[in-house]
Structures are given as C-alpha cells and as structure tokens.
Amino acid sequence: MKLILVIDILGTIAFAISGVLTAMNKRLDPFGILIIAFVAAVGGGTLRDILINSPVEWMLNLTYVYVIFGSLLFAVIFRKRLGYFRKSLFLFDTIGIALYTIVGVEKGIAAGFHPIICVALGTMTACFGGVLRDILCNDIPIIFRKEIYATACIVGALVYFLLLKTRIPLDFIVIISGATVITVRLLAVYFKLSLPSIYRNDELE
Amino acid sequence: MKLILVIDILGTIAFAISGVLTAMNKRLDPFGILIIAFVAAVGGGTLRDILINSPVEWMLNLTYVYVIFGSLLFAVIFRKRLGYFRKSLFLFDTIGIALYTIVGVEKGIAAGFHPIICVALGTMTACFGGVLRDILCNDIPIIFRKEIYATACIVGALVYFLLLKTRIPLDFIVIISGATVITVRLLAVYFKLSLPSIYRNDELE
Amino acid sequence: MKLILVIDILGTIAFAISGVLTAMNKRLDPFGILIIAFVAAVGGGTLRDILINSPVEWMLNLTYVYVIFGSLLFAVIFRKRLGYFRKSLFLFDTIGIALYTIVGVEKGIAAGFHPIICVALGTMTACFGGVLRDILCNDIPIIFRKEIYATACIVGALVYFLLLKTRIPLDFIVIISGATVITVRLLAVYFKLSLPSIYRNDELE
Numbered sequence: 001m002k003l004i005l006v007i008d009i010l011g012t013i014a015f016a017i018s019g020v021l022t023a024m025n026k027r028l029d030p031f032g033i034l035i036i037a038f039v040a041a042v043g044g045g046t047l048r049d050i051l052i053n054s055p056v057e058w059m060l061n062l063t064y065v066y067v068i069f070g071s072l073l074f075a076v077i078f079r080k081r082l083g084y085f086r087k088s089l090f091l092f093d094t095i096g097i098a099l100y101t102i103v104g105v106e107k108g109i110a111a112g113f114h115p116i117i118c119v120a121l122g123t124m125t126a127c128f129g130g131v132l133r134d135i136l137c138n139d140i141p142i143i144f145r146k147e148i149y150a151t152a153c154i155v156g157a158l159v160y161f162l163l164l165k166t167r168i169p170l171d172f173i174v175i176i177s178g179a180t181v182i183t184v185r186l187l188a189v190y191f192k193l194s195l196p197s198i199y200r201n202d203e204l205e
Numbered sequence: 001m002k003l004i005l006v007i008d009i010l011g012t013i014a015f016a017i018s019g020v021l022t023a024m025n026k027r028l029d030p031f032g033i034l035i036i037a038f039v040a041a042v043g044g045g046t047l048r049d050i051l052i053n054s055p056v057e058w059m060l061n062l063t064y065v066y067v068i069f070g071s072l073l074f075a076v077i078f079r080k081r082l083g084y085f086r087k088s089l090f091l092f093d094t095i096g097i098a099l100y101t102i103v104g105v106e107k108g109i110a111a112g113f114h115p116i117i118c119v120a121l122g123t124m125t126a127c128f129g130g131v132l133r134d135i136l137c138n139d140i141p142i143i144f145r146k147e148i149y150a151t152a153c154i155v156g157a158l159v160y161f162l163l164l165k166t167r168i169p170l171d172f173i174v175i176i177s178g179a180t181v182i183t184v185r186l187l188a189v190y191f192k193l194s195l196p197s198i199y200r201n202d203e204l205e
Numbered sequence: 001m002k003l004i005l006v007i008d009i010l011g012t013i014a015f016a017i018s019g020v021l022t023a024m025n026k027r028l029d030p031f032g033i034l035i036i037a038f039v040a041a042v043g044g045g046t047l048r049d050i051l052i053n054s055p056v057e058w059m060l061n062l063t064y065v066y067v068i069f070g071s072l073l074f075a076v077i078f079r080k081r082l083g084y085f086r087k088s089l090f091l092f093d094t095i096g097i098a099l100y101t102i103v104g105v106e107k108g109i110a111a112g113f114h115p116i117i118c119v120a121l122g123t124m125t126a127c128f129g130g131v132l133r134d135i136l137c138n139d140i141p142i143i144f145r146k147e148i149y150a151t152a153c154i155v156g157a158l159v160y161f162l163l164l165k166t167r168i169p170l171d172f173i174v175i176i177s178g179a180t181v182i183t184v185r186l187l188a189v190y191f192k193l194s195l196p197s198i199y200r201n202d203e204l205e
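Chains as they are written, first to last, in the working numbering: chain A, 1 to 205; chain B, 1 to 205; chain C, 1 to 205.
Structure below.
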C-alpha cells in the first residue's frame, strides 16, 4: 500500500516535470507552465474517470495537487540542472506509466468493463496526459510519432489479463505486469526500438 | 433494425478509414494511426454521451472496437489502392454522418433536451470525430474551413423536428431526414457548393 | 439576481465575439465561426460541469444559445466596425471573467470540493473557453503566453475564500472578489504588467 503510494507520487512528479520542461521549451509564462504540468500529470486519469463516469480523482485527493506544485517549483528553480536528473526522470516516468496503466486497468475492471476496454483505459491513463500536454503546446503528440511508449502499456495490460486466468495471487499479477511495462519500455529505449514502419522507403518523399 | 446496424457499421468503417488516411498522411506510427482511427470513428458519440451524462457507447458494445480494428488492418494493407475505393468511402462517410446525426438527435430527445440542443447533439455526433482527428494531427479542423458538411447534418436534424410535428410515422421521419442529410451533402459536393463567404474580395489579402 | 443575469449575458456576448473575431482572423467559414463562438462562450462552464459531474448548463438553459447566435450575427454584420467597440468588448470580457470565476467557485463549493479545487474550477470556468478557442484555431492558447488574465481570476477566487472566513455577508463577498478580478485585470493591462519572466535574458535566443 505504502509502496504504491510512493510510486504513484514519483510518477506524478515525473509527469509534472515533463510538462514543465515542454512548457518552458515553448517559453510559456508561469501560469502556462503550471497548467501544462497539471495537465501532463492528471490528464490521463481525468479522461479515464470521465469516461467511466467516476468522480475525478485529483479533485478529491489533494495530494496530487501539492505534489504537482512542488514539482513545478523544483523544476523551475533547478531548470539549468535538470540535465543531471534526466536519467532519474526517465526512470520515474517509466515507473509512472507502469503504475498508471495498472491503476487504469483495475478501475476499468471494478467498473465492470470488458478486458479490451480495460486495456484501453489503462493505456489512456498512462499516456493521455502526455497527449494533452503536446496538444496544448501545439505539437503533434510525441507518442504518435516515435518510441515504444503506449505499446509498453498495452503489453503490460495484456499480461495482467493473461495472468488473471492463472492462480497467481493478485499482488504478484500487479508486480509482474508492472514489471512488463517497465521492461518493454527500457528495452525499447536501450535498443532504440520503434514500431515497425508501415511506410516503405520508396514512399518516403 | 438490421439495416440500421449495417449502416452504422459502414459509417464507422468510413470514419475509421478517414482517420487512418489522415494519420498516414502525417506519417504517424502504427499506434498513432490506431488512435486517430479510433478517435475519428467514436469521438463524436463519446462527446455526446459525456455531455448528456449517458454511458459511453463504444465502451459497452465491442462491435465498434472490432470494426475499427478491421478497418485499420484493411486500410493499412490496401493503402496503395485506397484511391480505387475513394468513391465508396465518400458514400459510406455520407451515409455515416446521416445516421450519426439521427442517432444523436434521438438520444437527445430521449434524454429530454430542447430541439435546438438535440440538433446540436446530432451534428456533434456526426462531425466531432473528424474535428478531434484534425486537432490531434495538428490541423485546423477541415469542417471549419470548407465544404457543406456540418450544414447537411443541421438541415437533416431540422427536417427531423419539422416532420415530428406532422403525423408521419417515426420510421419514415428517420428515412426522410437521413435522406436529406445525404442529398444536401451529395448536391453540395457535386455542384462544389460551399457556405457563402462572409469575406468580401477586397478583404482577402 | 437581475444584475447577475445581465452581467452573465454581457460576459457571454464578450466571449462569443472574441470567438468570432479569432475565427474570422483564420478565415473560417460561417459554420466554423459559429462553433468557435460557441466554444469560446460555453467551453469553460462545460468543462467545469463535466468535472464536477453536474448537468451541463447551456444544454438546459437556452438563453446562452440565443445570446451566442445574436452575438454572432452582430459581430459578422458589424465586423468592419468592431474596432469602435474594442473598449466595450474588453470591458465585457473583464466583467465576464470576474463573474464566471465566481460562478465556478460557488458551484465547486456547492458540490463540496476543497477550496483549492474551487479556485481551479473558478479559473477554469473563466479561462477554458478561450483555451479551447485557440486550440481549435491551431494557436498556442494566448493565456499561456501573455497578460495577467488567469492570474486575475485566481487572485479573485482566493479573495473570495479569505472573505468567507470573515463575517462579511455573502453578497458583499461576491461583489468584492468580483471587483478584485476586474481591478487586477485592468491594472495589469493599463500598466502592461505580465507575470515575471522566469527566463533570464541570456536564456532568450
């Protein structure tokens, strides 16, 4: 329980800081940076909660709000040195999408949806904050263009449902499927994998 | 009943393929294409269901999900030859907006809203998927810029309400107002009609 | 009661016209202009109502719809002369965000949310319509880039909560916090204030 809370907060920090960095890159003013940080951190969960018609989580539990404010302050003050933290940030972010995926899947199951929809909800929880961040900054969302990112979430969510059919206890299922997301993502970045291109060379230009 | 299901599925196919084509045009990766196809096909209905606080349809009925996956596969495999299908696609799309308009109007009536709001809900159901598709691909939504598209939906929805005041049975009202959407759209494309420009020539440039 | 209604309508007019002007600037067709005007005027309230899971206001009360149609007609007809109205528009807009902020805060309180969330809801009600307007027109939202706009709403909402702890009657609290929004905004524009830049000169370029 405690562990999940810690990981959840680390994930929120990573997502919020990714928002701050994107917003500062576009030279937004402090208010703009706050909004982008917020949207990046809670956007995915908000969409999920609206779609399953459940109360929006960050509106009820202020921990998220405080964590986002703290991350914003930290990122703005140490913006010159965020390069040093790049690896930690990447790790938080990866752990973050793993946890967010599982939270989304479990909320979907609790609300009685079909596994395919739950996989979509998990992926959405993990990825949609980044999509909104990029739309607000007027970019094509990065996850549509490169990197195995959403794919890692989908694979992890599928593993979750496969294991549900076994007798493995739920705690282990959570750990294994979370670890799957993290492993797929790390391997993809380490080996510079991306989804196979569907465009042949002669189609490029 | 059967007929409406068939038309609904044809409409979903047309919208999904329009998403695939837009996304491939922007050279998105396979995951990006999937999302854009999905959003183009179910975005309008999702917004409608959220606004009227009704369960989101594609989350309960997986037919849409399967149809979208199938369309995606088809469009990616035959992408070189989609030119041959352009006319069929255009027809599906036109039938699709006609049906989506009526579904939206009827859902609005069932939820007890004023006719004006129902017309808006019908038009939104038909058009908002395309708007989201264009926003995610970082374009100004095409329906804001050219073609009588939304206008055809509005006209069809208005015809629906006019006929409701007569003694014409509901089945015929559905058919006539759907046919109105299709006719307005076909005539507009055939005669290259667009809404009268409100910009005078001397205002251009 | 009457006064609030009048101010609410003036605010809706100002927001709708801001949408018309932005849309005409992008040379959208009449339907596109209608949508942007609509979104600018009711977008903030719609997001608020969806987040707190309350019925969406403009779908129940058609006054907004009529006012937006009227503003659209007016703005299109007199588009050459809107320059003369620029000051009145700016004033309506400023009064509009003041009122929208308070409406948002009060809806949040009525739904039982924490003051921080209520401040966010108030600011969102006042500012999100403009954000959506800019996203649909493919711009980075203006409030992320310049002017003390959202900040005025935040300050006003905070004043509201501070005064709630005193014995000042609610009517006066509404007036004082609304006046705060207006004053901050007017002073900021008059003295060309903006939020302190967090970018040092040597970081620019």
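Beta carbons are placed, not taken as given, at the ideal position from N, Cα and C, and that holds for glycine. From a predicted model like this one, the values you see are computed outputs, not experimental measurements.
Interface with chain B (7 Å Cβ-Cβ cutoff): C/ASN25 is excluded. With the criterion set as a beta carbon lying under 9 Å from some beta carbon of chain B, the members of the stretch 49–83 of chain A are ILE50, LEU51, ILE52 and ASN53, in sequence order. Non-local beta-carbon contacts of A/THR125 in its own chain, meaning distances under 7 Å to residues more than five positions away in sequence, involve GLY44, GLY45, ARG48, TYR100, THR101, VAL103 and GLY104 in chain order.
Of all residues in the stretch 107–137 of chain A, only ILE135, LEU136 and CYS137 place a beta-carbon less than 8 Å from a beta-carbon of chain C. Between A/LEU72 and A/LEU28, the gap from beta carbon to beta carbon reaches 7 Å or more. For B/THR180, there are no neighbours in chain C by C-beta distance under 7 Å, as the nearest C-beta there is about 17 Å away.
Taking A/ILE109 as the centre and dropping the five residues before and after it, the same chain places the C-beta of CYS118 closer than 6 Å to its C-beta, in chain order.
Taking C-beta atoms as the reference points, C/VAL131 and C/PRO141 count as a pair closer than 7 Å. In this model, B/ILE52 and A/ASN53 are separated by some 12 Å (Cα to Cα).
In the DSSP annotation of this structure, the continuous segment of the alpha helix (DSSP H) that includes C/LEU73 starts and ends at 63–77. If you draw a straight line from the Cα of A/PHE78 to the Cα of A/THR12, it comes to about 18 Å. Restricting attention to beta strand (DSSP E) runs no shorter than 3 residues, the stretch 16–62 of chain B encloses none. Under the three-state reduction of DSSP, A/LYS192 is assigned to coil, being neither helix nor strand. Under the 10 Å beta carbon count, C/ALA150 is surrounded by 16 or more other beta carbons and is classified as buried. In this structure, the beta-carbon distance from A/ARG185 to A/GLY19 does not fall below 7 Å.
With its beta carbon at least 7 Å from every one in chain B, A/ALA41 lies outside the interface. Residue C/ALA179 holds the alpha-carbon nearest to the alpha-carbon of C/ALA152 among C/LYS87, C/ILE50, C/ALA179 and C/PHE161. Counted as a single uninterrupted DSSP element, the alpha helix (DSSP H) harbouring C/ILE116 occupies residues 115–136. What C/ILE140 touches in chain A, judged by beta-carbon distance under 8 Å, is LYS26, LEU28, LEU136, CYS137 and ASN138, going in chain order. C/PHE113 and C/GLU106 have their C-alpha atoms roughly 10 Å apart. Look at C/THR101: its C-beta is not under 7 Å from any C-beta on chain A. A/ASP139 and A/GLY96 have their C-alpha atoms some 22 Å from each other. At a cut-off of 7 Å, the C-beta of C/ALA150 has a neighbouring C-beta in chain A. Assigned with DSSP and collapsed to three states, A/ALA111 falls in coil, not helix or strand. DSSP places B/LYS165 outside both helix and strand once states are collapsed to three, so it counts as coil. In this structure, the alpha-carbon of A/THR94 lies about 17 Å from that of A/THR22.
Between B/ILE68 and B/ALA41, the beta carbon gap of about 5 Å places them in contact (Cβ cut-off 8 Å). Counting the other Cβ atoms within 10 Å of the Cβ of A/THR63 gives fewer than 16, which makes it exposed. In the structure shown, A/ASP139 falls within a coil segment according to DSSP collapsed to helix, strand and coil. When the five nearest sequence neighbours on each side are left out, the beta carbons in the same chain lying within less than 7 Å of the beta carbon of C/LEU163 are those of ILE173, ILE176 and SER177, in order along the chain. Rounded to whole angstroms, the gap between the alpha carbons of C/PHE92 and A/ALA37 is 30 Å. Taking C-beta separations shorter than 6 Å and ignoring five residues to either side along the sequence, C/ILE50 has no partners in its chain.
With its beta carbon at least 7 Å from every one in chain A, B/PHE15 lies outside the interface. Chain B has a Cβ within less than 7 Å of the Cβ of C/PHE31.
Secondary structure at B/ILE13: helix, using DSSP grouped into helix, strand and coil.
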